[in-house]
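Undergrad:
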Amino acid sequence: MKLIDYKTLSPSKGINYSRDHLRRKVKAGEFPKPIPVSERRIAWIETEIDDWLAARAAERDLSGRANSIVCRTRPVRRKTGSLEQAT
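Residue numbers (the working numbering): 2 to 88.
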């Protein structure tokens, strides 16, 4: 079993949540619970993090959002004062 500490979550798994946000997500049941490594240190089990990431990808694929990327445009004011749509 491999453990991942907070500092390793971002570089190895791409999870850029703050410590406080992670605590909120864990409390809400939206992120795997860490295990205490010592009195002042916690870590996550790598396979649980991998499973959580896989579940997020599966949700994305099932919802159909993977194939429907929305491109939004915003008006751009040119120096002449006319408006055009930015791409």
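Think of the CB as a built atom: it goes at the ideal place given N, C-alpha and C, for glycine as much as any other residue.
In this text the structure is predicted, and so the values were computed from the model without any measurement.
For a test of the three-state rule: what should DSSP assign to Ser-19, helix, strand or coil?
TA: coil
Undergrad: Kindly say whether Phe-32, judged by its beta-carbon, lies nearer than 8 angstroms to any beta-carbon of chain C.
TA: This model lacks chain C altogether; it includes just one protein chain.
Undergrad: In angstroms with no decimal places, state the Cα-to-Cα distance between Val-38 and Leu-63.
TA: The alpha-carbon atoms of Val-38 and Leu-63 are separated by roughly 36 angstroms.
Undergrad: Just verifying my parser: in three-state terms, what is the DSSP assignment at Pro-12?
TA: helix
Undergrad: Where are the beta strand (DSSP E) runs, 3 residues long or more, that stay fully inside the segment 24-54, in chain order?
TA: 36-39 and 42-46
Undergrad: Can you tell me whether Ile-36 is buried or exposed, with buried defined as 16 or more other CB within 10 angstroms of its CB?
TA: exposed
Undergrad: Who pairs with Leu-4 in a beta bridge, going by DSSP?
TA: Bridge partners of Leu-4: Ile-46.
Undergrad: Near Ala-44, which residues of its chain fall below 7 angstroms by C-beta distance, leaving aside the five closest residues on each side in sequence?
TA: Cβ neighbours of Ala-44 beyond the five flanking positions: Leu-4, Ile-5, Asp-6, Pro-35, Ile-36 and Val-38.
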